[in-house]
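First residue of the first sequence: 0, per numbering that gives the first Met the number 0; consecutive thereafter. From the three backbone atoms N, C-alpha and C, an ideal C-beta is built for every residue, glycine too. The structure presented is a predicted model; accordingly, all values stated were derived computationally and were not measured.
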Amino acid sequence: MGTRLSIAAPDDLSLPRDANSYGYIRLAPDRWDADRQCLCSVLDLDNGPVRLEVAQQERGQLRAVADRALSRSEQSSVRAAMTRMLRLDETEDDIAAFHAIDPRWKTSGRGRLFRSSSLLMDMVRTVTSCNIAWSGTVLMNERFCAVLGRGGAFPSALRLARTRPGTLRSRCRVGYRDTRLIELAKLFTRGEIDEAWMTDPVTPDDAVFAFLKTLPGFGPYAAANMMQLLGRYGFLAIDSEAVRHGKQTLGLTGSEREIVSQLRARYEPFGTHKFRSYWFELWEAYEKAHGPGHLWKPATPRAKASAR
DNA sequence: GGTAGACCTGGACGC
DNA sequence: GCGTCCAGGTCTACC
0 MGTRLSIAAP DDLSLPRDAN SYGYIRLAPD RWDADRQCLC SVLDLDNGPV RLEVAQQERG
60 QLRAVADRAL SRSEQSSVRA AMTRMLRLDE TEDDIAAFHA IDPRWKTSGR GRLFRSSSLL
120 MDMVRTVTSC NIAWSGTVLM NERFCAVLGR GGAFPSALRL ARTRPGTLRS RCRVGYRDTR
180 LIELAKLFTR GEIDEAWMTD PVTPDDAVFA FLKTLPGFGP YAAANMMQLL GRYGFLAIDS
240 EAVRHGKQTL GLTGSEREIV SQLRARYEPF GTHKFRSYWF ELWEAYEKAH GPGHLWKPAT
300 PRAKASAR
């Protein structure tokens with residue numbers, strides 16, 4: 000007999016909209032069930048892996064159903080995971096502040112960006128999204144969880160740190176990213192990545208960004224992407240998809256360098272919210288082309304970041 | 001500081 | 001079915 004638990008959410012949260020705000024919802028062990036409109040995931044908890052289905056039946060509340068009984072401590076872990084993934088700790092005032100700077104998203108209510116249930120998972124997903132088509136990222140993460148994770152969950156830092164590069168390369172097909180991912184996991188096991196420091200509002204953005212760029216596999220794009228995943232939205236993660244958006248949707252012209260420069264100028268007025276302004280503009284273009292994100296099926300063909 | 005080339009995979013394409 | 005080419009961001013060597 001599984002456990003059912005209710006999770007308090009901000010009144011302005013819409014699960015279909017806010018879960019489908021970033022492509023990581025489509026990376027194992029997470030999944031959006033478009034038919035049942037629920038968020039599915041696998042978490043590795045104290046007593047082993049558990050499959051979860053999370054739905055929203057009423058305003059201000061989510062309901063999670065686990066496939067086995069959960070201890071009190073495990074229930075807290077589920078709540079913490081959902082809080083992180085759906086950014087439930089971003090208040091309505093936080094979102095209103097974004098809408099005050101960029102009113103284009105006030106009607107739709109967009110403001111929250113989906114992320115992973117842990118910092119390590121966000122970092123691995125970011126590294127596996129670099130220098131590869133989105134379909135490759137999806138495949139890598141599927142294999143990563145299937146090969147290394149208990150019950151299909153995301154592996155622990157310890158498990159990843161103890162994995163041989165050859166295993167990652169041959170069975171998870173991560174290519175040259177093998178040693179970078181293992182080194183990253185080792186930094187976690189040695190306590191050299193301090194999430195509290197990175198999320199502390201007192202820590203300057205530039206210090207966090209500089210630290211991220213020292214991590215294996217993290218260049219300017221990956222570090223900027225991690226900034227938004229840490230709730231610091233004042234950095235633009237410029238990749239080939241951003242340039243494509245500039246050309247195709249915004250009609251920018253010139254060399255790639257000139258387009259990047261125009262993109263930076265375009266989003267500069269949004270200050271500490273610029274990533275969200277950029278991202279929701281990009282996401283809106285995807286939804287215009289493919290329909291609402293919460294109706295996308297896993298097989299819907301999409302370009303790389305259209306699923307990000 | 002800027003630039004070129006290697007890294008690795010999956011997919012598209014031509015034969 | 002096979003071989004070739006290409007996209008994608010980071011890293012390192014070199015100027």
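Proximity winner among the options, relative to residue i (alpha-carbon distances)
i    : options                   : result
E73  : D92, R86, I94 and V49     : V49
A241 : H272, W282, V201 and G270 : W282
L180 : G151, G250 and G216       : G216
F187 : A160, G135 and K287       : A160
G292 : G22, T2 and A132          : G22
R149 : V77, C39 and G47          : G47
T166 : F143, K185 and F153       : F143
Buried/exposed call for residue i, threshold 16 Cβ in 10 Å
i    : result
S5   : exposed
L157 : exposed
V126 : buried
V201 : exposed
W196 : exposed
Enclosing alpha helix (DSSP H) for residue i [first to last residue]
i    : result
V137 : W133 to L147
S75  : R71 to L85
L186 : D177 to T188
R16  : L14 to A18
R207 : The question names Arg, but residue 207 is Val in the sequence shown. Where V207 is concerned, the enclosing alpha helix (DSSP H) stretches over D204 to L211.
V201 : Counting along the chain, V201 falls outside any alpha helix (DSSP H), and DSSP gives it neither H nor E.
Whole-Å CB distance - residue i paired with residue j, under 8 Å assumed
i    : j    : result
R124 : S115 : 6 Å
A8   : L61  : 5 Å
T198 : G233 : With 8 Å as the limit, T198 and G233 do not qualify as a contact, their Cβ atoms being about 15 Å apart.
D29  : S20  : About 13 Å separates the two Cβ atoms, so there is no contact after all.
Own chain, CB closer than 8 Å to residue i, minus 5 neighbours either side, in chain order
i    : result
A145 : A27 and G151
Spatial neighbours of residue i in its chain, beta-carbon cut-off 6 Å, leaving aside the 5 residues before and after
i    : result
D121 : R114, S115 and L228
I100 : F269 and H272
Start and end residues, beta strand (DSSP E) containing residue i
i    : result
P48  : G47 to E57
V314 : Residue 314 falls outside the range modelled here, since the chain spans only 0 to 307, and no answer is possible.
I313 : It is not possible to answer for residue 313, since the shown part of the chain is limited to 0 through 307.
W31  : R30 to D32
A68  : Looking at the DSSP string, A68 is not in any beta strand (DSSP E), and its letter there is neither H nor E.
M37  : Going by the sequence as given, residue 37 is Cys instead of Met. Unbroken beta strand (DSSP E) run through C37: C37 to L44.
Residues near residue i by beta carbon distance below 7 Å, same chain, minus five either side
i    : result
R168 : G174 and D177
A96  : none
M139 : T127, C171, R172 and V173
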